[in-house]
Every structure is written in structure tokens, then in C-alpha cells.
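Everything on this sheet refers to the single structure shown next.
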Amino acid sequence: GDSVTQMEGPVTLSEEAFLTINCTYTATGYPSLFWYVQYPGEGLQLLLKATKADDKGSNKGFEATYRKETTSFHLEKGSVQVSDSAVYFCALSDKGGGNKLTFGTGTQLKVEL
Amino acid sequence: GAGVSQSPRYKVAKRGQDVALRCDPISGHVSLFWYQQALGQGPEFLTYFQNEAQLDKSGLPSDRFFAERPEGSVSTLKIQRTQQEDSAVYLCASSSPDRDEQYFGPGTRLTVT
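Protein sequence lines, in the order shown, are assigned to chains A and B.
For the first sequence, the working numbering begins at 1349 and goes up steadily by one.
For the second sequence, the working numbering begins at 4 and goes up steadily by one.
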């Protein structure tokens, strides 16, 4: 079945540091890939998405590129802020199954001054 | 416009009680999903509706779990004879027919004592 593996947290960075959160996936077919973010006390919010190989999703300074050859969708940001502290979830959608999402276990990011 | 809403936000149930969790999707969204999120884990798919039709219930963990969406809008997830292992956050999400991204509600945190 489909699965998503992402790096374990917590990840602790200083403000303005470079961020990478690794995500790899296993899927039959060609899924869409997503990053969702969960800020403290809030619900899941879509951060960015990519629907086919080599697509790059971007939003709020974050970006991720759909790499079919390495089955990866790593999240990056050039300069993190304290306000980016949250839990980040990588996910894929099974287009043949009504687009239900399969999530990774989440990576907590803490950004300190 | 209004997002996905869920009620109650918090529910404490004694083991063996029945509970009902409500989801109001975004107006016009025909697809509705339920997920279960255990502490420190990513959400896991439970079931999926397209309008009033339940097209996939493969993620429901036991026959104590039942979901319905009789008029193709509001949905209710019912758990009968709750057990401690049912303690989790239950998330509802909806999506529009031509898009694959899902919009999540704030969740209902269920604690079974």
C-alpha cells in the first residue's frame, strides 16, 4: 500500500537558518504530493502541493519539488522565522481512491531566536 | 467564507458509551473525509463520501465505527461502545470536485476514560 516516511523531529533551528525536512514516499501510480502544517492549537493547513513529476510547489517561502526518480518531496526554506514553529506533515493522495490522503508521522520544527 | 467546522471540539466519554461527532463541510464541497489522529502521529484515513454516497470505508477500525452523510452535506461519525484505544483527535476534511487538496476542520479530541 501507499506510505510516506519523513524525518523524525523535533528539529531545532536558529532564526534565519536553512530548513530541510526530508520526505519519501511509496505509491502505485502517480500520486499528488502535499505538505500540510499544524501550528500550535490550530488545525491542519495546506502549505503547498505538486501534482506531477518535476513540479515545484511553493508558498510563504517554503518550496518542495516532486522527484519521481528518488520518490521524494523534501520541504525547504531558506531562512526560517520563529513563527514557522509548527508540525509539518508530508502526504500523498491516491487519485484512484477518491483522493484520500496518506500522511507521514509529522516533523516538529522549533525555531529559536 | 466559512471553513470546515466540527463539534464538539472536546468530548470525554466513559468506556462503553456511544459518541457522535459532527462535521459541517465547506459549502459546495461534494467530497468529505474522516481521519483519526493519535497523539504524536499523522492522521489516518477512516472513510470517504462523495455527496451522500459512502464510497470507501476501508479505514474504519471496527464495526463499532459508523459514518453517515444522509443529505450530502453534514456528516456524523458515530462510535459505539467506546474503548480507550479510541482516544484520538478525529479530523474532518472536505474538497471540491475538481481539486485534490483537502481543507481540514479543527478536529474533535475524544478522550475515553
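Beta carbons are placed, not taken as given, at the ideal position from N, Cα and C, and that holds for glycine.
Only a predicted model underlies this, so the values are computations on that prediction, with no experimental measurement involved.
query: With 16 other Cβ atoms within 10 Å as the buried cut-off, status of B/A80; result: First, the residue type needs correcting, since residue 80 of chain B is Leu and not Ala in the sequence shown. Result: buried.
query: Cross-chain neighbours of A/F1437 in chain B, by beta carbon under 9 Å; result: G45 and P46
query: Cα-Cα separation between B/P73 and A/M1355, rounded to whole angstroms; result: 40 Å
query: Local Cβ density within 10 Å of B/Q87, reported as buried at 16 or more and exposed below that; result: exposed
query: Chain A contact for B/D59 (CB, 8 Å cutoff); result: yes
query: Contacts of B/E104 in chain A (Cβ-Cβ under 9 Å); result: S1380, F1382, L1394, K1397, S1441 and N1447
query: Proximity test, Cβ basis, 8 Å: A/F1451 and chain B; result: yes
query: Contact with chain A by B/Q53, beta-carbon distance below 8 Å; result: yes
query: Chain A within 8 Å of B/G75, Cβ atoms only; result: no
query: Touch test, the stretch 1451-1458 of chain A against the stretch 1427-1441 of chain A, Cβ-Cβ under 8 Å, three pairs minimum; result: yes
query: B/Q87, DSSP secondary structure in three states; result: helix
query: Identity of the residue in B/S65, B/G45, B/S34 and B/T85 nearest B/S98 by Cα; result: B/S34
query: Neighbouring residues, chain A, relative to B/G108 (Cβ below 8 Å); result: G1391
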